[in-house]
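Residue numbers (my numbering), protein chains in the order written: chain X, 14 to 284; chain W, -15 to 436.
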């Protein structure tokens, strides 16, 4: 008895498989695609993997809405600091980026915003002249276009190879974002693991709304330095998002899967 | 078509993998942490861990399953039974990624998944439904008025309910208000919508269902009836095909009705229309399941077809060439579900590691097992280990063979319900057809275990 008009034909074409895996800190190995599908978190322990800047934008912005600005601004070596040029070259290779921050404009559920995303894969997301310059330029553009601005922070602090020039970026970015605030425009900063040093001491903590990812290290000087200085036992969860939330330093901790929705809510309330 | 991902586990995953293998299709199994190394993962060509035990983080995680499907570049996904099998969002996600979903389209899943809406459609097409509301009924005064009209007992059901949840039977008018509010709260908490509907609760009914299959060319055929009244707490234990103790006229009108239902909703692929049959011979539409059923092997046995293969062919847009009158039923089949549970201790689940297994075999015996010796029966999921399907020239022969088969079955390491199933098979009420869906709970259990 044949029910159908034809038989199932097996297509002999070889499937295009991409089955690379990665191993989490918890020791479990998993398909990389699964980590991506779950907002770059470990499917077992919930560990938050580092998110490359462009992937972060993909996760947050409406499809195709992102326009990058100042893509061609490149760090120089103003102080002729030993090995800096070589380090920059390696950073570019490792991260496939030109700098530690990606800036541009995008829409989130149709709401226009400026967006900047730092990437820890590029020299620990440290802030040098170009990181500062790109933030200032984006802030200016947002002011002109009456856009709010969202900055995802991930940084080891100031870029020491640029010395005083790097420290100067703290005040420059702070002033630029202050001007934005004077215009009544919203600034949301999202602190991700780790947000430290000069970045914490400047624009990261300047947001009208400060959000953080769970269990992120957020500090000026890190726990090791503090411990050596005070010579005492540090509290549990010291310098984590959870600790800072308790102390009133940040407004909310948002799970990665909810970030887009929360940002959209904040933007729509501000409109 | 060259590969299929099976978005399920255990027995049904084994069942689907076997058909895929037979057809030369490559298989990708997914498993949660506690299912690591389970039999179905070893049978499949590839097996991928998709997360921890909790189903919402593994077998119900649409993003993860689609990601695995894409990483392995599979042609199709078979959702199996339970989990995401009746989830229209999953079907849409597959469609978006150009992966064939082996099942109906999202539209008919939504139409039939909303039980109040399904009821409305049936009323509009003159399909018999138990007396009750036209569709959903969400204000207390309206619902109370209706319940008083149709008379108690009434049953209040969540429109989006399933798996036995969001259902309450009310025997007297005074309790209606509290129960009505409770179901709505429960429904909102469990199914995300507090929409409910009210029906007359029909007592001492049999559960009879019709297997249908529809292709993409508007052809709908049925593969007869199944008797599934042997249930405990809405979980079926023993199923038969064709349904016994109904005359040919009644059988035909149920079958025709099922075909009509599939036709009016524009259904595609395999599905099951469930009916309630009252003692006086009236039948009513209960619901339509938009997937393959656990008890499909009894139908396969008496019709000589492979329903999973049919599902794949329909999904590939193959067209029926056989007409309904060319499809003939032969003999009788009985399926017993073997669960890791202890009937004497109020059916307490009995998870654990299976030791030696001795399976029945021989002419007319089919065993669909999800596990082999050494496998673990996990406490996280349902407790079904296997199904024993026996067939014979007539019902008596199939029942006798089932009894013999179950007495040959031995599974070490966990408690099973094989003796309990035999008690049903040997009971005079079962043999004579004096059965209804509450028979096990109200009669057999008290006979065997005393009043509980």
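Note that CB positions come from ideal geometry on N, CA and C, so glycine has one too.
Do you know offhand how far residue 113(W)'s Cα is from residue 415(W)'s? Annotation: residue 113(W) to residue 415(W) spans about 29 Å, alpha carbon to alpha carbon.
Could you name the residues of the same chain whose beta carbon sits closer than 7 Å to that of residue 121(X), not counting the 5 residues immediately before and after it, in chain order? 73, 74, 75, 273, 276, 277, 280
In or out: residue 367(W) buried (at least 16 other Cβ within 10 Å) or exposed? Residue 367(W) should be labelled buried.
Which value, in whole angstroms, describes the spacing of the CA atoms of residue 148(X) and residue 219(X)? 13 Å
In terms of residue numbering, what span does the alpha helix (DSSP H) encompassing residue 176(X) cover? 176 to 195
State the Cα-Cα distance for the pair residue 77(W) and residue 68(W), rounded to the nearest angstrom. 11 Å
Tell me the DSSP secondary structure of residue 37(X) in three-state form. coil
Which of helix, strand or coil DSSP assigns to residue 154(X): helix
At the level of alpha carbons, what is the spacing between residue 189(W) and residue 137(W)? 14 Å
Over the uninterrupted beta strand (DSSP E) stretch that includes residue 353(W), give me the two end residues. 349 to 353 is the extent of the beta strand (DSSP E) around residue 353(W).
Whole angstroms is fine: what's the gap from residue 388(W)'s alpha carbon to residue 397(W)'s? Cα to Cα, residue 388(W) sits roughly 22 Å from residue 397(W).
Beta-carbon within less than 6 Å of residue 343(W)'s beta-carbon, same chain only, minus the 5 sequence neighbours each way: which residues are those? So the qualifying residues of the chain are 351.
Could you work out which residues of chain W lie near residue 227(X), taking near to mean beta carbons separated by less than 7 Å? Neighbours of residue 227(X) on chain W: none; closest Cβ ~16 Å, over 7 Å.
Buried/exposed call for residue 21(W), threshold 16 Cβ in 10 Å: exposed
Under three-state DSSP, which class holds residue 516(W)? With chain W running from -15 to 436 in the structure shown, residue 516(W) is simply not present.
Reference residue 26(W); option with closest CA among 36(W), 35(W), 15(W): 15(W)
Considering only C-alpha positions, which residue in the set 145(W), 12(W), 52(W) is nearest to residue 181(W)? 145(W)
For the region 66 to 81 of chain X, which residues have a beta carbon sitting closer than 9 Å to at least one beta carbon of chain W? The residues in question: there are none.
Buried or exposed for residue 177(X), please, with buried defined as at least 16 other CB atoms from any protein chain shown within 10 angstroms of its CB. Taking all protein chains shown into account, residue 177(X) has fewer than 16 neighbouring C-beta atoms within 10 Å of its C-beta and is therefore exposed.
Using a Cβ-Cβ distance cut-off of 8 Å, determine whether residue 16(X) contacts chain W. yes
Below 7 Å between beta carbons is the criterion; list the residues of the region 27 to 38 of chain X that meet it against any residue of chain W, in chain order. 28, 29, 30, 31, 32
Does any CB atom of chain X fall closer than 8 Å to the CB of residue 161(W)? no
Taking the runs of the alpha helix (DSSP H) that are 4 residues or longer, which of them lie wholly in the region 320 to 387 of chain W? none
I need the boundaries of the alpha helix (DSSP H) containing residue 127(X), first residue and last residue. That residue, residue 127(X), is in no alpha helix (DSSP H); its beta strand (DSSP E) goes 124 to 131.
Does the pairing of the region 37 to 48 of chain W with the region 32 to 42 of chain X give three or more beta-carbon distances under 8 Å? no
Beta strand (DSSP E) containing residue 60(W): first to last residue? From DSSP, the beta strand (DSSP E) with residue 60(W) extends over 60 to 62.
Measuring only between beta-carbons, confirm whether residue -8(W) sits less than 8 Å from chain X. Not an interface residue.
Determine the direct distance from the alpha carbon of residue 31(X) to that of residue 481(W), and round the result to whole angstroms. Shown here, chain W extends from -15 to 436; a query on residue 481(W) therefore has no answer.
What are the start and end residues of each continuous beta strand (DSSP E) run of 3 or more residues lying completely inside the region 245 to 273 of chain W, in chain order? 253 to 261, 267 to 273
Exposure of residue 458(W), with buried meaning 16 or more beta-carbon neighbours within 10 Å: Summary: the structure shown does not reach residue 458(W), with chain W confined to residues -15 through 436, and so no result is reported for it.
Enumerate in chain order the residues of its own chain whose CB-to-CB distance from residue 451(W) is below 7 Å, with the five nearest sequence positions on each side excluded. Chain W is shown from -15 up to 436; residue 451(W) falls before or after that span and cannot be answered.
Selected residue, minimal CA-CA separation from residue 282(W), among 242(W), 379(W), 266(W): 379(W)
From the DSSP output, read off the bridge partner residues of residue 141(W). 151(W), 181(W)
Can you give me, in chain order, the residues of the region 238 to 266 of chain X that have a beta carbon less than 8 Å from any beta carbon in chain W? none
Could you say if the region 0 to 16 of chain W and the region 53 to 68 of chain W meet the contact criterion of at least three C-beta pairs nearer than 8 Å? yes
For the beta strand (DSSP E) that residue 116(X) lies in, which residues bound it at each end? 114 to 121
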